[in-house]
Amino acid sequence: MEEDFYFSKKQFISGLMMPKSIGGLTMKRGDVSLAKINDVWEKYTESVPRGRKPLSKHDDLVLIGFGKDVEIEREQLSQQQIETMIIGMKNNH
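Mind the numbering: the sequence shown is residues 4 to 96 in the numbering used here, read in order.
Right under this line is the structure:
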């Protein structure tokens with residue numbers, strides 16, 4: 004299936020700050036979703052079937068790429084990495 008991948012800094016930070024559930028799958032705080040798009044690993048906050056509108060309504064949501072059968076990984080960050088990332092992203096708005 005071909006998918007569009009989106010990233011929102013606001014959604015990403017809120018995801019780092021609290022546990023979330025996606026389709027009944029509970030994601031631990033600090034899980035980062037990565038997709039290999041054009042041979043580059045990119046952080047993403049949402050993926051939808053190609054051509055469909057994203058579900059989130061964040062005003063900073065941007066399309067970062069798309070692909071068919073994209074390789075996906077989840078990376079668990081340490082508490083220190085989470086805090087550093089939140090501070091860095093809030094300072095770079």
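Cβ atoms here follow ideal geometry from the backbone N, Cα and C, with glycine treated the same way.
This one's a predicted model, so the numbers in the text were calculated from it and none came from an experiment.
Beta bridge counterpart(s) of residue i as assigned by DSSP
i   : result
P52 : E6
F15 : In the DSSP output, where bridge partners are listed per residue, F15 has none listed.
Q79 : D34
Per-residue DSSP class, three states only, for residue i
i   : result
E74 : coil
K39 : strand
K46 : strand
Cβ separation of residue i and residue j, assumed to be a contact under 8 Å, to the nearest whole Å
i   : j   : result
L80 : S11 : The Cβ separation is near 18 Å, so there is no contact.
E5  : R77 : E5 to R77, Cβ: 21 Å. No contact.
S59 : Q14 : 6 Å
Contacting residues, own chain, Cβ-Cβ under 6 Å from residue i (five flanking each side not counted)
i   : result
E45 : A38 and I67
G70 : I40
Close-in-space but distant-in-sequence residues of the same chain around residue i (CB under 7 Å, 5 per side omitted)
i    : result
Y103 : Shown here, the chain extends from 4 to 96; a query on residue 103 therefore has no answer.
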